[in-house]
Structures are given as C-alpha cells and as structure tokens.
Amino acid sequence: MNKNFLWGGATAANQCEGAWNVDGKGPSIADVELGGKRGTPRVIHDSVQPDTYYPSHEGIDFYHHYKEDIALFAEMGFKCYRMSIAWTRIFPNGDDAEPNEAGLQFYDDVFDELLKYGIEPVVTLHHYEMPLALVKKYGSWRNRKVVDFAVRYAKVVFERYKNKVKYWLTFNEINAILISPRPWHQAGLVYGPDENAADTKLQAAHHQLIASALSVKAGHEINPDFKIGCMLIYHLSYPYTCNPEDQIVNREKMLPQFYFGDVQVRGYYSNTCQRLIDKIGGKIVMEPGDEEILREGVVDYIGFSYYFSSVESVEPMKEMVGNIAKGGRNPYLQITDWGWQIDPTGLRTTLNQLYDRYQKPLFIVENGVGAVDTVEEDGSIHDPYRIEYLRKHIQGIKGAVEIDHVDVMGYTPWGCIDLVSAGTGEMEKRYGFIYVDKDNKGNGTLARSRKDSFFWYKKVIATNGEDLED
Ligand code: BGP
14 MNKNFLWGGA
24 TAANQCEGAW
34 NVDGKGPSIA
44 DVELGGKRGT
54 PRVIHDSVQP
64 DTYYPSHEGI
74 DFYHHYKEDI
84 ALFAEMGFKC
94 YRMSIAWTRI
104 FPNGDDAEPN
114 EAGLQFYDDV
124 FDELLKYGIE
134 PVVTLHHYEM
144 PLALVKKYGS
154 WRNRKVVDFA
164 VRYAKVVFER
174 YKNKVKYWLT
184 FNEINAILIS
194 PRPWHQAGLV
204 YGPDENAADT
214 KLQAAHHQLI
224 ASALSVKAGH
234 EINPDFKIGC
244 MLIYHLSYPY
254 TCNPEDQIVN
264 REKMLPQFYF
274 GDVQVRGYYS
284 NTCQRLIDKI
294 GGKIVMEPGD
304 EEILREGVVD
314 YIGFSYYFSS
324 VESVEPMKEM
334 VGNIAKGGRN
344 PYLQITDWGW
354 QIDPTGLRTT
364 LNQLYDRYQK
374 PLFIVENGVG
384 AVDTVEEDGS
394 IHDPYRIEYL
404 RKHIQGIKGA
414 VEIDHVDVMG
424 YTPWGCIDLV
434 SAGTGEMEKR
444 YGFIYVDKDN
454 KGNGTLARSR
464 KDSFFWYKKV
474 IATNGEDLED
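Residue numbering for the sequence shown follows my numbering, beginning at 14 and increasing consecutively.
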C-alpha cells in the first residue's frame, strides 16, 4: 500500500454524539426517529415525544467522551478519522440568521484533539440528518430554498475549519434517496398520499446534487487545497446466471450507483441517468444555470460504502437479502445475522468498476460487519468474526491496488467505536474495535474497552496492511 494510505475509522454525528439538545443544538430528522430491533418498522414522529426512549439522543455520548475516544483511535495508529458535522449544532433550525457559536466551538475542539495526534479529519457535511425545522417549514429537499441553506452551512464550516480539515464529503450515501422507499434519513421525505413520489424523489435528488456542486465550488474557492468527495452506497449486484437477460436486468439494478457518480464526477446527467429517470417515471425541473453548476462542482475523489452484494435475475428471486438495498441470495456467499451477504471479492470488483468508469481516487469510507459481541468475565471481548471479515476485505483492497493498479486513498471501517445502528436503531449491532457498555434499552456505564480486533487493527496499520494475521 502507498505510504500515505489513510487508515482509520468512520462514525456519524447522530449515531454517536448524543447531546441531542445540548449547547443550542436544534432537533434534527434523526432525533425524531425511533429505531426498532430487527424486523420492527422504524417510527417517525412530528416532534420529540415525552417519555420515549430514543437511543440516538444519548448515542455513546461522544460529545462528552471525544478526548478519551480520540486517544483510543490514536493508540490504534489511525491516520484519519471520518466523522460528520451535525448541521443542527451549527444552524439549529437551518434558516437561523447566525450560526451557533457553541456548536462551531465543539468541532474546533474535536479537530484540535485529532490534529494533536496527527489524525487527519475526514468530514461529512450531511450524514443522514438535517434540521427538522427545514422539513416542517419548507418541505425539506422538495424545496429549492433548502439548497441555499445547505450551501450557507457548508460555507460557514469550510471557512471556520479551512486550516484544520482538508478532506470533506458532501452527502452520505447520496444515491440511497433513489433506493429507499421512504428516504427519511437521506432527505427528510415521507411521501404524502396524493404526492407524485417519482417527481419528488428526482427533484429532491437534483436539489442535493446542486447543493453538493455549489458546496464543492465554494470549498475550492475558500481553500484550493481542499479535497472534496462524493459518497455513494455501493450495492454491488451480479447477474444470477449467464442468461444474457440477467445481464440486462442487473445493469438496471446498478443504475442508482452510477446516476449520482455520473453527475458528481463527470458533471452532467448521462444516458445512464436518463435511463433511471425513465424507469422511475418522474421529471426534474431544472433552473437556468443548473447545468453549469453541475459542471463546475465536480468532486475530487469518490467516497463509498461497501457492505455486501446480491444477485439479480429475470426470473423471480426466491430469497431477498440486504437492507434498503435489496437483492437476491447468492448461494456462494455467507450471510450475517442481519441478512447481509459477506463478499470481500466484491469489494475488489467494486473498486475496479468505479475506477474503470471514473478514473478518480477512491476512498472506502465505510465497510464492516455488524455483530453481537460478548463480554467475558475478565472483561475481554473476542471478535474473530470481525477480524475475519475485515482481513478478507483488506485483501480485496490489496488485490485492487497491487494487482489491478486501482488508486485507493484510504480505508475507514464503519463504526470504529460501537454506536447506534442507522438501520435498526440498536446498540447491539456492533461494528467497533472499541466496545461501549450500553445495551438496546440504554442501560450501561458507557465505559469503553478494547476488543481483540482493536489490537489486530493496530498491527495492520503499523505494518501498512502487510501483516493481516491474528
Ligand atoms: C450506512 C450508513 C451508516 C451506517 C452503516 C451501517 O448505510 O451510512 O450510517 O449506520 O450503513 O448500517 P446499520 O447501522 O444499519 O448497520
């Protein structure tokens, strides 16, 4: 691996910070969402309900534990740490006249702490949250005005942290808005009964793409050294058989992966985008100048999440797997307790697909396995399944880099410290190298401890990915 390879870990504000209403923070869309365990549908409220337990309101209280947590990241040798800024700490309602100084100061403190250890912050502007007030007052991303508020927020944080943060990402898993049947996390959208959902989702996605492009342009003006990336959920899908028709349906399945990449990397809606627009059956209303905005706001690199793959066929699939990104079961692959198929070779394939298409540096900003961990009587936590998953995926990255000559900037496994699940709201779907003592009901001391994978990953980083053994 390149000696500057960015080894690290990833989290998101609404899943770890807690302190949901502290120091002037306003309510976000994540704050009114209630997670169920496996199989239980998530509930969205109009406002925060009294006497209701929201796991994310405390999260793992990173807000008050960040020094301890960053010290542990440093102990593992992290070169970078991917995190997000909560928009509602900076603009509690989104349309406030002035930013909230206490919120800005919190991230100054976090960045200073990271830089003290030589850890490069990698910062997502929008990770599945936005001010709830923008949803209620303006109809969320349906409304073009929200673009202005988002760009203002981006400019404020770019300006404030221009000497502390070099790596940025605009929207987390931006393409999930076209995959999810109810893109609340992604865009604060729940479609009304009489609403043309196809039009709304395409228009909201367009507004996010415009906000992303304007933010990239503004960021480069504020600091030309900024590296600003897009962030895609990469749901790799294979044709189930060698029936050529399976190849066609599989290409259709992959359209959302390339729709956003084409706009954010190439700077225009391609034929691939048009095919998906046709399939969704809606329309986009463009304003004069939008094409130029998209052309001028292309990203510097491609960040993406990769967790699993699935298969697609013209024949009906017997068994479906995945999360919001669903597909058919692949008999060659094992599956996690949460129904995600483990496919490390698919990561190598993904890296090749993206690099072939875009020829831009790639950054794997999420990957990992959610699992139930057991704390032994002596306090140790043995997680060989996590080590095995990550080892094989790193081998996949090495295959892409060393054999296929793909340009990969870094790797930040998801949930490097245990946090609240985005998909199910659980604490017990754990990804971390660092265990946090808290259960699904909110019991626990919040004490941090090192899992076996902590020591393993430390060695992986120290040897720049050479030593992957236990
Ligand atoms: C991605 C999200 C993350 C994260 C991860 C794991 O889609 O960007 O926020 O949570 O998935 O998903 P889950 O938390 O549902 O296990």
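The beta carbon of each residue, even a glycine, is placed where N, CA and C say it ideally should be.
Under the three-state reduction of DSSP, E379 is assigned to strand.
Taking 7 Å as the cut-off, the C-beta of T363 does not count as close to any heavy atom of the ligand BGP.
Following the DSSP letters along the chain, one finds L117 inside the alpha helix (DSSP H) bounded by residues E114 to K129. For R95, the secondary structure class from DSSP, reduced to helix, strand or coil, is strand. Per DSSP, the unbroken alpha helix (DSSP H) holding F75 starts and ends at F75 to M89. Taking 3 residues as the minimum length, the beta strand (DSSP E) runs contained wholly in the region 370-444 are 375-379 and 421-424, in order along the chain.
By the neighbour-count criterion, in which a residue is buried when 16 or more other Cβ atoms sit within 10 angstroms of its Cβ, S60 is exposed. With a cut-off of 8 Å on Cβ pairs, the region 181-191 is not in contact with the region 251-259, counting fewer than three such pairs. A straight-line Cα-Cα distance of about 11 Å links E401 and Q408. T285: member of the alpha helix (DSSP H) spanning N284 to I293, first to last residue. Linking G478 to F18 through their CA atoms gives a straight-line distance of about 10 Å.
Per DSSP, C243 is one residue of the beta strand (DSSP E) stretching across K240 to I246.
Rounded to the nearest whole angstrom, the C-alpha separation of P40 and N106 is 8 Å. For the 8 Å CB-CB criterion, G310 and E325 do not form a contact.
Within the same chain, and ignoring the five residues on either side of V203 in sequence, the residues whose Cβ sits closer than 7 Å to its Cβ are I57, R195 and W197. Rounded to the nearest angstrom, the Cβ distance from L138 to A167 is 6 Å, consistent with a contact under 8 Å.
Pairing E258 with A163, the inter-Cα distance amounts to about 42 Å. Taking all protein chains in view, the Cβ of P144 is crowded by 16 or more other Cβ atoms within 10 Å, so the residue is classified as buried. Under the DSSP assignment, S69 falls outside any beta strand (DSSP E), being part of the alpha helix (DSSP H) whose first and last residues are P68 to E71.
Straight across, the Cα-Cα distance linking D465 with C93 is about 21 Å. V229 is the residue among H248, L367 and V229 whose C-alpha sits nearest the C-alpha of G242.
Counting along the chain, the unbroken beta strand (DSSP E) around G335 starts and ends at M333 to G335. For H220, the enclosing alpha helix (DSSP H) begins and ends at A210 to I235.
In the structure shown, W353 adopts coil according to DSSP, grouped into three states.
Distance from the CA atom of N343 to the CA atom of M330, rounded to whole angstroms, is 10 Å. H140 and N185 do touch by the CB rule: their CB atoms are close to 4 Å apart, below 8 Å. Short note on G457: C-beta not closer than 7 Å to any heavy atom of the ligand BGP.
Membership of W100 in the alpha helix (DSSP H) is indicated by the continuous run W100 to I103.
N188 has its Cβ no nearer than 7 Å to any heavy atom of the ligand BGP.
Assigned with DSSP and collapsed to three states, G205 falls in coil, not helix or strand. Residue state for G21 is assigned as strand, using DSSP reduced to three classes. For G274, the enclosing alpha helix (DSSP H) starts and ends at L268 to G274. The continuous stretches of beta strand (DSSP E) do not include L191, and DSSP gives it neither H nor E.
Here T137 is bridged, per DSSP, to S97 and L182. For I474, the uninterrupted alpha helix (DSSP H) run begins and ends at D465 to A475, by DSSP. Note on geometry: alpha-carbon atoms of D431 and E300 lie some 43 Å from one another.
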